[in-house]
Amino acid sequence: MGELTLGQYYPVDSVLHRLDPRVKFVGTIVYIVGLFQVRGVFGYLFAAAVLLLLIFLSKVPFRFILKSLKPVFFLLIITMLFNVLLTPGTVLWKWWILRITKEGLRQAVTMGLRLVFLVCGSSIMTLTTTPNALTDAMERLFSFLKIIRVPVHEIAMMMSIALRFIPILTEELDKIKKAQMARGADFESGGVIRRLKAMIPLLVPLFVSAFRRANDLAMAMEARCYHGGSGRTQMKPLRYRRRDAAAYILMAVFLGICIVFRITGL
Amino acid sequence: MQIELKDLSYTYGLHTVYEVPALKGINLKIRAGEFIGLAGHTGSGKSTLIQHMNGLIRPTSGQVFYEGKDIWEEGYDLRELRTHVGLVFQYPENQLFETTVLKDVMFGPGNQGLSEEECRKRADYALKLVGIPEDLYETSPFDLSGGQKRRAAIAGVLAMNVEVLILDEPTAGLDPAGREEILTLIRHLRDQQGITIILVSHSMEDVAAYAQRMIVFHEGEIAFDGTPKMVFSHFRELEKIGLAAPEITYIMHELKERGLDVDVSAITVPEAKRSILMALAQKNS
Ligand SMILES: Nc1ncnc2c1ncn2[C@@H]1O[C@H](COP(=O)(O)OP(=O)(O)OP(=O)(O)O)[C@@H](O)[C@H]1O
Ligand SMILES: [Mg+2]
Chain A
41 MGELTLGQYY PVDSVLHRLD PRVKFVGTIV YIVGLFQVRG VFGYLFAAAV
91 LLLLIFLSKV PFRFILKSLK PVFFLLIITM LFNVLLTPGT VLWKWWILRI
141 TKEGLRQAVT MGLRLVFLVC GSSIMTLTTT PNALTDAMER LFSFLKIIRV
191 PVHEIAMMMS IALRFIPILT EELDKIKKAQ MARGADFESG GVIRRLKAMI
241 PLLVPLFVSA FRRANDLAMA MEARCYHGGS GRTQMKPLRY RRRDAAAYIL
291 MAVFLGICIV FRITGL
Chain B
850 MQIELKDLSY TYGLHTVYEV PALKGINLKI RAGEFIGLAG HTGSGKSTLI
900 QHMNGLIRPT SGQVFYEGKD IWEEGYDLRE LRTHVGLVFQ YPENQLFETT
950 VLKDVMFGPG NQGLSEEECR KRADYALKLV GIPEDLYETS PFDLSGGQKR
1000 RAAIAGVLAM NVEVLILDEP TAGLDPAGRE EILTLIRHLR DQQGITIILV
1050 SHSMEDVAAY AQRMIVFHEG EIAFDGTPKM VFSHFRELEK IGLAAPEITY
1100 IMHELKERGL DVDVSAITVP EAKRSILMAL AQKNS
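Top line first, the protein sequences correspond to chains A and B. Counting from 41, one number per residue, gives the positions in the first sequence under my numbering. Counting from 850, one number per residue, gives the positions in the second sequence under my numbering.
Here's what the structure looks like:
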């Protein structure tokens, strides 16, 4: 249950789900880089087509992709508004101190599209990859940093433990909240001070429980002789397959096409 | 009728990939002063059900009535309801947060808007009921023993002067003496204070010895509802849904099969002892 409810991961079996998480991580970065190359209408159409193809391949229902846009919705609106109103250029419409320029409109649409594509593109990664697979991928991809003594394994371990704890603590918080509501606690009404004070009966038990769990986990890891990264092997080591190679080739092609769009300005 | 559930259904994670139908069309009536044992395999929906009774969970479909009023009707005061229907969660000691035991127990009455003095009186009364001595009032709740923490947490709910007390596995993780204490306390609350009790328990022995009515859950539905004796007479069906009757039921049936004329409906040790002695006396005479 724990891992499944974590993050956004959507559990179906698709080509994208089966890809190595490293490929998906690199692929997301390649897509974003490509996105910032294109300028013209055809370039954006191409980026949109690729995105739609990926969504189709992922077998994730479209509304889940749209859902990922919800948190950035305000940012999107504000970015577009500022771009429309504050870019100087040929004035199309004017009222009081507000004016809309041709350049402003173009800028707003460009920024809006980039933001939407960027968020959708990266949510395809998080929807098709479990957070644990993702931390694994990052550990491997950044392992070269070990040469300059960055504790890559330890950082990755901390990340995956933190990820593991998020759903546990959310569940715990939900339980504590209900228990305090059963004792008549009220979290909804009152001013700021009262609401902050109402948090105490939630936060104290939550911290107590978090510390207890952390303590237990540390003890359990030590009891199983965990002593950091050196010489540690994995139960399911990441291994590239044919389809991963194919994916890397397609990424190179994608990037190439984007650069062509940039040069031609289409 | 004190509590009534009508066609109640609840699904966790509705409209997501993780939909779990936890309750399916429950109809249930609970009268004031009843002592109900709620049993069922893990994941059968017991905890989900009891959270409907004080309005912590809103049913996906169906209705919940308290003293004849629909609690999800516009304008119904749910906070007021929670002062009548007390719910003690599993491992209630995890909700303690105040600096002293007394203050923690005063939290509930404080939320009811009572004066400091009245809260203190209520807390003192509740702590006495659960048997926490006065010299522990000013210690930190985190310094109490496991069993004491549990009792302090129960006091925290009792201090609200509830009419219905629902307890989710109140004896989980306690030693036999601690269990006995808690169960005796619960029975006392019902007999002396007339509080309606709903006790969720995995232990058939506990339910058999204390409850008058037993409700068995299976996959979100009510499988049995009746006196413990009646429910345990279906011990073969109970086994099919992952539960067992008290050990005594099996012994009595075995004895009967081997030819000793005992009362197979005996479900507690004293009852069984009486019945066996009687059967033996009859046989020998
Ligand atoms: N917060 C939740 N989110 C999603 N599903 C849940 C949640 N809580 C419970 N469930 C599911 O609902 C079903 C009923 O759970 P519930 O906790 O009511 O069972 P229970 O009878 O209390 O079990 P136990 O004896 O283990 O306490 C289970 O299948 C469980 O997995
Ligand atoms: Mg439960």
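Glycine residues also receive a C-beta, built at the ideal position from the N, C-alpha and C atoms.
Strictly by DSSP, which residues pair up with B/V1065? B/A888 and B/F1073
Give the DSSP-derived three-state secondary structure of B/S858 in the structure shown. strand
With a floor of 4 residues, list each alpha helix (DSSP H) that falls wholly inside the stretch 1003–1074 of chain B, ordered by position along the chain. 1025–1042 and 1053–1059
Looking at B/S893 and ligand 1, is the gap between the Cβ and the nearest heavy atom below 7 Å? Correct: B/S893 has its Cβ closer than 7 Å to ligand 1.
Does B/T949 get closer than 8 Å to chain A when you measure Cβ to Cβ? no
Interface positions of the stretch 206–233 of chain A facing chain B (Cβ-Cβ less than 7 Å), listed along the chain: K215, I216, K218, A219, Q220, M221, A222, R223, G224, A225 and D226
Can you list, in chain order, the stretches of the alpha helix (DSSP H) that have 4 or more residues and sit fully within the stretch 113–181 of chain A? 113–126, 142–168 and 171–181
CA-CA distance, B/P870 and B/S910? 12 Å
List the whole-angstrom C-beta distance separating A/Y224 from B/N1010, where the pair is believed to meet the contact cut-off of C-beta under 8 Å. Before going further, note that residue 224 of chain A is Gly rather than Tyr in the sequence given. That pair is no contact at about 11 Å.
Given a limit of 8 Å on CB to CB distance, which residues of the stretch 985–1017 of chain B reach chain A? F991, G1005, V1006 and M1009
Are the stretch 58–65 of chain A and the stretch 271–286 of chain A touching by the rule of at least three beta carbon pairs closer than 8 Å? Using a C-beta cut-off of 8 Å, the stretch 58–65 of chain A makes contact with the stretch 271–286 of chain A, since at least three inter-stretch Cβ pairs fall below that distance.
Is there at least one Cβ from chain A nearer than 8 Å to B/N943's Cβ? yes
Cutoff 7 Å; reference B/E1198; Cβ partners in own chain excluding five residues on either side: Only positions 850 to 1134 of chain B appear in the structure, and residue 1198 of chain B is not among them; the question remains open.
Where B/H901 falls, given that 16 or more other Cβ within 10 Å makes a residue buried: buried
Give me, in chain order, the residues of the same chain whose beta-carbon lies closer than 8 Å to that of A/R302; leave out the 5 immediate sequence neighbours on both sides. Setting aside the 5 residues that flank it on each side, A/R302 is surrounded in the same chain by Q77, V78, R79 and G83, each with a C-beta closer than 8 Å to its C-beta; the list follows chain order.
Could you pull the DSSP bridge partners for B/I879 from this structure? Looking at the DSSP output, B/I879 sits in a beta bridge with B/I852.
For B/D1110, which residues of its own chain have a beta-carbon under 8 Å away from its beta-carbon, when the five flanking residues on both sides are left out? Taken in chain order, the residues that qualify are A1128, Q1131 and K1132.
Give me the chain B residues within the contact set of A/I240, using Cβ-Cβ distance strictly less than 8 Å, ordered along the chain. F946
Start-to-end residues for the alpha helix (DSSP H) that takes in A/V78: Counting along the chain, A/V78 falls outside any alpha helix (DSSP H), and DSSP gives it neither H nor E.
Can you tell me whether B/S1050 sits near ligand 2, meaning its C-beta is under 7 Å from at least one heavy atom of the ligand? no
DSSP three-state label for A/Q274, please. coil
Is there at least one Cβ from chain A nearer than 8 Å to B/F938's Cβ? yes
For B/Y915, report the span of its beta strand (DSSP E) as first-last. Unbroken beta strand (DSSP E) run through B/Y915: S910 to Y915.
Tell me whether the beta-carbon of A/L257 lies closer than 8 Å to the beta-carbon of A/L213. no
Ligand 1 heavy atom lying under 7 Å from the CB of B/S896: Yes - ligand 1 has a heavy atom lying nearer than 7 Å to the Cβ of B/S896.
To which residues of the same chain is B/A972 closer than 6 Å at the C-beta, ignoring the five residues directly before and after it? L951, V954, M955 and A1008
Could you give the first and the last residue of the continuous beta strand (DSSP E) run that contains B/V934? Here the beta strand (DSSP E) through B/V934 covers V934 to V937.
Could you compute how far the alpha carbon of B/S994 sits from the alpha carbon of B/G957? 22 Å
Using a beta-carbon distance cut-off of less than 8 Å, what residues from the stretch 87–116 of chain A approach chain D? As a matter of chain content, chain D is missing from the structure shown, whose protein chains are A and B.
Would A/L125 and A/I140 qualify as a contact pair, given that the criterion is a beta-carbon distance under 8 Å? Contact flag set, yes.
Limits of the unbroken alpha helix (DSSP H) element including A/Y288: R282 to T304
Against chain A: residues of the stretch 912–932 of chain B by CB proximity under 8 Å: R928, R931 and T932
Near A/S98, what residues of its chain come up, given a Cβ to Cβ distance below 6 Å and the 5 sequence neighbours on each side ignored? The residues are S54, L56, I164 and T168.
By alpha-carbon positions, which one of B/D984, B/G1091, B/L1014 and B/R907 ends up nearest to B/I879? Of the listed residues, the one whose Cα sits closest to B/I879 is B/L1014.
In angstroms with no decimal places, state the Cα-to-Cα distance between B/K855 and B/H864. Computed Cα separation, rounded: 23 Å.
Compare the Cα-Cα distances from B/G1091 to each of B/I1100, B/E1106, B/V1065 and B/T1098 and report the closest residue. B/V1065
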